[in-house]
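J.: Protein chains in written order, with full-length UniProt numbering: chain A, 1 to 258; chain B, 1 to 258; chain C, 1 to 258; chain D, 1 to 258; chain E, 1 to 258; chain F, 1 to 258; chain G, 1 to 258. Where is the CB? At the ideal position from N, CA and C, for every residue including glycine.
(1) Expressed to the nearest angstrom, what Euclidean distance is found between the alpha-carbon atoms of residue 110/D and residue 89/B?
(2) Verify whether the separation of the beta carbon atoms of residue 177/G and residue 201/G is less than 7 Å.
(3) Could you run through the stretch 176-210 of chain E and flag, in chain order, every residue whose CB is less than 8 Å away from some CB of chain G?
(4) Taking residue 307/D as the reference, which of 172/D, 18/D, 171/D and 198/D has the closest Cα?
(5) Can you name, in chain order, every residue of its own chain whose Cβ lies under 6 Å from the Cβ of residue 171/G, other than the five neighbours on each side?
(6) Can you pull the DSSP bridge partners for residue 55/B?
(7) Just to confirm before moving on: does the CB-CB distance between residue 79/C and residue 143/C stay below 7 Å?
(8) Three-state secondary structure (DSSP) at residue 251/F?
(9) Would you say residue 243/C faces chain D, with C-beta separation under 7 Å as the test?
(10) Could you check what DSSP says for residue 184/B in three-state terms: helix, strand or coil?
(11) What's the gap between the Cα of residue 122/E and the Cα of residue 133/F?
(12) Can you list the beta strand (DSSP E) stretches of 3 or more residues lying completely in the stretch 142-173 of chain A, in chain order?
(13) Provide the residue span of the beta strand (DSSP E) that contains residue 80/D, from first to last.
(14) Report yes or no: do the stretch 147-167 of chain B and the stretch 50-67 of chain A share at least 3 C-beta pairs separated by less than 8 Å?
(15) Got a sec: which bits of the stretch 67-89 of chain D sit with their beta carbon under 9 Å from any beta carbon on chain F, in order along the chain?
(16) Counting only Cβ-Cβ distances shorter than 9 Å, please list the residues of the stretch 119-130 of chain C near chain H, keeping chain order.
(17) Helix, strand or coil: which one does DSSP assign to residue 237/C?
(18) Between 24/A, 48/A and 248/A, which lies nearest to residue 186/A when the distance is taken from Cα to Cα?
(19) Considering just the uninterrupted stretch of the beta strand (DSSP E) at residue 259/D, what are its terminal residues?
(20) At a Cβ threshold of 7 Å, is residue 250/C touching chain B?
(21) Less than 7 Å between C-beta atoms, sequence neighbours within five positions excluded: which residues of the same chain meet that for residue 194/G?
(22) Quick check on residue 35/C: does DSSP put it in helix, strand or coil?
(23) Rounded to the nearest angstrom, what separates residue 152/D and residue 253/C at their Cα positions?
(24) Contact defined as beta carbons within less than 8 Å: I believe residue 17/F pairs with residue 130/F. What is the distance between those atoms, to the nearest angstrom?
(25) Give the interface partners of residue 54/D over in chain F, defined as CB-CB distance under 8 Å, in chain order.
(26) Taking buried to mean at least 16 other C-beta atoms within 10 Å of its own C-beta, is residue 209/C buried or exposed?
(27) Report the rounded CA-to-CA distance for residue 173/G versus residue 117/E, giving the unit in angstroms.
(28) Taking residue 257/C as the reference, which of 54/C, 212/C, 98/C and 245/C has the closest Cα?
(29) Measuring alpha carbon to alpha carbon, tell me which of 244/F, 115/F, 62/F and 125/F ends up nearest residue 161/F.
(30) Could you compute how far the alpha carbon of residue 23/A sits from the alpha carbon of residue 99/G?
(31) Please classify residue 4/B: is it buried, with 16 or more other beta-carbons within 10 angstroms of its beta-carbon, or exposed?
(32) At least one CB of chain C closer than 7 Å to the CB of residue 223/B: is that the case?
(33) Kindly indicate if chain C contains any beta-carbon less than 7 Å away from that of residue 163/D.
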């Protein structure tokens, strides 16, 4: 072959079932790249509840953006958003839903958020260790309220790991978002403050491609999905475009300064 | 090997189950190419119903073009058209039909349009993640009227994703068609207007290979399939050649100006 | 490797389950080559019925040409001829026969011609999408009379597609034959005229290797198989050598002029 | 690789499941080579019955040539001989026997000769289309008398095809044999004449390696197996060495002139 | 290939099922590298009981470090910590738990520690000998108190082996830790002394990245997990952050001198 | 690759399921090489019974040569010896024994010798035609007395063929042995003469590595196994070392002259 | 590839299921290398019983050497030691134990030693002939007393063969050990003498890495495992460290002279 390639890539990156000499799984790394190209999704936990938010990128005027979901309900107490390959994400969300229903039937109570994240991560792990398949090219953020009233946000990775976060973003805007989280996140935030932070972050990301600030603000109800679960009601609730617009309007000054 | 090839293609495009270092699945991309070479199909939604239209390219005088279908009924309330590899499309349409019948038997009601698009997309996703198979080289447009009276148009891709559209075309004429959609589509169109837009678009595509405008118009009843489902009747209806001719005649002046 | 090969062939043509960057399946293309080397077969539909004809090439004096079939009965109302790899064709014809018998048992009526062509094409499609097998190296012409009295001629391809034709030929003589069809076929032909056209076409093909016209005519009863199904009787009938000779004799002048 | 090889062989001949760009299956071709290296076998049909004959090559004085069979009985009315890989031939002959017994049990009558040839050819076809196996390196001649009294000789090839013959030879001497068949075979031969022709052909083949004519004649009872089935008795009968000798003696003058 | 690689690596390290000429399994070696990059975990046995400790590396302020476990309870009498790929570790810990529950159900008593280590090692061995999978990229330390009151610490390796240890560390700090064990471990240590030794070792490892000693001490309750099982109570007990802080405070002088 | 290799070997000898362009299976050939490196075994048939003999090569003083068998009883009337890979031989001998027991149970009589050789050869054939396995690296000599009193000696080859022999040897000494057979074997030998011939042959083979004739004779009882089955008793009997010594002593003069 | 490798290794050593042109299985050879790197184990048979001994190499002060076994009981009358890959050995020892228990249940008596060695060797053989696995990288010494009072020592190899030995050692010290066996082994040794010989041999091996003779002797109870089964009691007995020390002390003078 006439093309220079780094030797490890040439040699060890053709299957998830091959370790590189450094103990890495290159196919898992590449699956992460699929995640990094995805639309930005994020989750935040507060004492009052969790917020999930997701970017719905403008992909042409023919797409019926209102009919496309980026945030899904798993159960009353759990929501999920993803970044990466859409088909892969859908399959895993279906899996999580079936698991949750079965758990309710078997044990008469909803599963804790972590358990749902874990079973999805277990499926992902299996796809990194067995031949004839590829890893899932998707990361998911499961956010919810546990039966004991604690709030949780988990991210599952293509490699089969999951971590607990206070607030986390995934997808193409994850760097911008996580930097803003590091600056603005406080564990004693109200749910309202967390919602506004989520909107602000997605506005910052949208602004990268939309020059005009006013236009960017105007586009928010269309291009941002927002959902929350309160500790009190434990009922996954997706905001209407009107509700998003209302919040965006209330933050107008703040957004214009970004 | 003596032939220069871009290194990624050489290395990562031999199986759908291998990610490229950028997180892409090249085999899925190539399957899209098969779609782009297919005959043009399109779907439009209006408040009054949906329109499906498809080009039946002239492939020689021996073919009995009247006996070839490009638009299929899935159920009374759903129709489908496809672009890409014919055998692949047929298999998936059969699958959608069986799913729909089962849904009616199990739940006593027809499935929503999105659910049909989703189960077909799930099959497609599986063929991008498991070894020993290739992705489906076909895109499908499912258009229909939901039990709640809303109209829907979905496109499923070889990679296992699906999106909701106001109007969308696939196949070799998709660029021409989608540009015309962007210019002429209005969400408050009547079903009749949508039907005419569909015919106009396919005429524009046919005109690319037929110099003589009159001849192109004359060929429309033979080379265009048109179907619609109204919100009121929810009954998939394919137009006869006479009906297509009638519409074409009524648009004569408009078409001659293209 | 020291031998120059076009890069795509080198790279993408070793398995039916690999798309080339242009979205092609090279193994399916190569299977078409096997078809193009086969003995010529053809089918014609008329309002009075269908005609199937096939060339039985001279392959040495030891072969008992009378004991070799190139046209097979699927059911009373359907016949089939093929071009390409004989073993592959036989398997698919058996499959079609079993399907037809089952259909009769299950539904109490014979299947329409298209359904038989479709189930065979479905098998072929599966052999282009799943690993560990090769596509079928054979094309088949199913010709018959539907329960509703319409006549049909379908060609199934190695790639899993099928099309409806007025008249079509496959195999090594398909170009000659189809050009003659384009010149001489009329949809209002009588069955007798169609039979004569079939014989004329196969005579033209045989003449490519037999210099002497008289000899070529004399050889027709041995090297041509002719079958027909009338709309009235719906009974697959293969002509005897005597019957073929009679027709050939009646066309003598016409053939000598070719 | 430093060794020049024709590009097609290099590229397409490693598996039966890969078509070459010309639509050939190289592995099937190579399996034919195994047949062409086998011991010569032949079959002849006459109106009175069929003759099967086979060469038993001298492979050293320690081999108990009398205890080695080259012609096998499938049923009273069918015999078989093969050329190529012995193990492969044995497996297929066993398969044919089991099929024949089952046919008798199921239908209360012996199967026609062609059906037996066909089921064996079907097995061979499967071994050319599915991965993980190689084609059978053997050709078989099935000869017999049908329930309707007609006589049949079929040859099944490694590629899964079979043909009907008046007389046919396979194996290393097939060219010599078939040339002699073309010269001497007459469809109105008596069974005795056919038997003598078979012996003459095998003598001609043995003479290629045995200089001395007398010695070659003397060796015939040891190195030739002869079997026949008459239309009247329909009973597979293998000749004893004495019977072969008797015929050889009666043909002495004729053989010495070859 | 233009890149020089040691020949053995090139040739024998692509699958766990291939021995190198020296009798090594390179893929197993590479899996060890994944272990060596993991967070440090350790286990110590004393006559009074066992101590398990693990480092929870700081991976950004957004991670909810309190919600991440590095030490898991297998049963009342057994705990486990791991180093390496998190998903792999989780799968094996689940397996060990299920095994333990089954053992209790079947035999009415808890399994000895070694048996749990052994069944996990058996799974790992299988993943080094069968194709289509990769070895587990994780080492586990099982520590516990046997039904007979003896204390045990086992390490299972990616290759399927396990060994009994007095004290052992795995992961990126294993060299530092094991050197400190060799210096300070005494088999007559009290459980308290062992706990302090564990904390001291993890402090030493944390100090590698945290310059300021005070800061490193302050971080201990967050970044160190400590658990113990006493021979008397046989009850896996994880320390609270307050308990860790208390011990850290009591060792303040000693730590500052490191 | 920098090393010159004959092109066919490079290309076609990596799997038993690939034919070379000449129609050969190289892996089967290589398996024959494993046979040719094995310890010599031989079988002889006479009218009085069969003799089986085998060399037990000296492989160091620690091996308990008396506890190693080279000749095995299959049933009272059949014995077997092998040359090649010991593990492979053992598996096939077990298979033959199970077959024989089943045959007795099913049919109430012992199987003929050929049938046992055939079923073992059938297993071997399967291992040359199906992927994912290698051929058996072993040849076996089955010798015995049929229920009808005839004596038989069969050799099964790695390729799945078997032949009937008067006398035959396999293994590293097969050339020497078979040349001696050709010189000294007579079909009217007594069993005693055959036994002596067997001993003489193995002595000749041992002499190739043992200079001193006396020493070679002395070593015979240790390094030669002898077994026989008489037509009269049909009872597999292995000789004791004393019996071998007795025969060797009786042949002393004859052996010294070799 | 730029690195010179012997052509056979390059070509034929990537799978156990490929013969080299010389009829060798390279992967099996490489598995032997894994054995040769293992800790030394040995077995001796005497008329009074069998001795099994094994080296437990010093692998650092943290390992609890007392808790590591190198000799295992299979049944009262059989013990086993191994050299090579620990995980592989464990799996096969478990297999042998389960087999033995089943044999006792089925037949009401313990299996002979050879049968246990044979079933383990059968498993090993299967792993050299079927694809998708690697051979076992371990040799085992089964030593025991048969139901008939005879004593037996068998070694099973990675290739699936087993041999009977008077005395045999495997592992890194096998050459030293076997040379000492050849010099000192006598078949009329008492069990005590055999035990001492075993200890002497392992001392000689330990001495290769421990300069100081006294230190080497002192280390014996820790680094040597000794077990025996007497013909009289047929009860597998492992010696305590004290018992080993006692014997070592009694041999002090002899060991110092080595």
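T.: The relevant details are as follows:
(1) Translated into the one-based positions of the fourth chain, residue 110/D becomes position 110. Translated into the one-based positions of the second chain, residue 89/B becomes position 89. Between residue 110/D and residue 89/B, the C-alpha separation is close to 45 Å.
(2) Stepping through the seventh chain from its first residue, residue 177/G is reached at position 177. Stepping through the seventh chain from its first residue, residue 201/G is reached at position 201. Contact: yes.
(3) 178, 181, 182 and 185
(4) Only positions 1 to 258 of chain D appear in this structure, which leaves residue 307/D out of reach.
(5) Along the seventh chain, one-based indexing puts residue 171/G at 171. So the list reads 38, 39, 40, 41 and 83, once near-sequence residues are dropped.
(6) Here residue 55/B refers to the residue found at position 55 when the second chain is read from its first residue. BP columns for residue 55/B point to 224/B.
(7) Position 79 of the third chain holds residue 79/C. Position 143 of the third chain holds residue 143/C. Against a cut-off of 7 Å, the Cβ pair of residue 143/C and residue 79/C comes out as a contact.
(8) Numbered from 1 along the sixth chain, position 251 holds the residue referred to as residue 251/F. In this structure, residue 251/F counts as coil in the three-state DSSP scheme.
(9) Taking the first residue of the third chain as position 1, residue 243/C is located at position 243. No, because no Cβ of chain D sits closer than 7 Å to the Cβ of residue 243/C.
(10) Indexing the second chain from 1 puts residue 184/B at position 184. Note: residue 184/B maps to helix in three-state DSSP.
(11) For the purposes of this step, residue 122/E is taken as the residue at position 122 of the fifth chain. For the purposes of this step, residue 133/F is taken as the residue at position 133 of the sixth chain. Going from the Cα of residue 122/E to the Cα of residue 133/F covers about 25 Å.
(12) 151-156, 162-164 and 167-170
(13) Against the fourth chain, residue 80/D aligns to sequence position 80. 78-84 is the extent of the beta strand (DSSP E) around residue 80/D.
(14) yes
(15) 67, 68, 84, 85, 86, 87 and 88
(16) The structure shown contains no chain H; its protein chains are A, B, C, D, E, F and G.
(17) On the third chain, residue 237/C is found 237 positions in, with the first residue counted as 1. Residue 237/C falls in the strand class under three-state DSSP.
(18) Position 186 of the first chain holds residue 186/A. It is 48/A whose Cα lies nearest to the Cα of residue 186/A.
(19) Nothing can be reported for residue 259/D: it is not among the residues displayed for chain D, which extend from 1 to 258.
(20) Locating residue 250/C in the third chain gives position 250, counting from the first residue. Closer than 7 Å: no.
(21) In the seventh chain, counting from the first residue as 1, residue 194/G sits at position 194. Within the same chain, residue 194/G has close Cβ partners 44, 46 and 51.
(22) Taking the third chain and counting its residues from 1, the one referred to as residue 35/C is at position 35. Helix.
(23) Locating residue 152/D in the fourth chain gives position 152, counting from the first residue. Locating residue 253/C in the third chain gives position 253, counting from the first residue. When rounded, the distance between both Cα atoms is 38 Å.
(24) To locate residue 17/F, count along the sixth chain from 1; it is residue 17. To locate residue 130/F, count along the sixth chain from 1; it is residue 130. Between residue 130/F and residue 17/F the Cβ distance is about 7 Å, and since that is below 8 Å, they are a contact.
(25) Translated into positions along the fourth chain, residue 54/D becomes position 54. Result: empty, since nearest Cβ-Cβ is about 15 Å, beyond 8 Å.
(26) Sequence index remark: in the third chain, residue 209/C carries index 209 (1-based). Exposed, since its Cβ has fewer than 16 Cβ neighbours within 10 Å.
(27) In the seventh chain, the residue the question calls residue 173/G occupies position 173. In the fifth chain, the residue the question calls residue 117/E occupies position 117. Each residue's alpha carbon lies about 29 Å from the other.
(28) Here residue 257/C corresponds to residue number 257 of the third chain, with the count starting at 1. Residue 257/C has its Cα closest to that of 212/C, out of 54/C, 212/C, 98/C and 245/C.
(29) Working through the sixth chain from its first residue, we reach residue 161/F at position 161. Taking only the C-alpha atoms, the option nearest residue 161/F is 125/F.
(30) Residue 23/A sits at position 23 when you count from the first residue of the first chain. Residue 99/G sits at position 99 when you count from the first residue of the seventh chain. Using only the alpha carbons, I get a separation of about 38 Å.
(31) The residue given as residue 4/B occupies position 4 in the second chain. Summary for residue 4/B: the model assigns pLDDT 38, below 50, so the residue's position carries little reliability; its value from the coordinates is reported in the next sentence. With fewer than 16 Cβ atoms within 10 Å of its Cβ, residue 4/B is classed as exposed.
(32) What you label residue 223/B is simply residue 223 of the second chain in a count that begins at 1. Answer no: the Cβ-Cβ gap between residue 223/B and chain C never drops below 7 Å.
(33) Against the fourth chain, residue 163/D aligns to sequence position 163. At least one chain C Cβ lies under 7 Å of residue 163/D.
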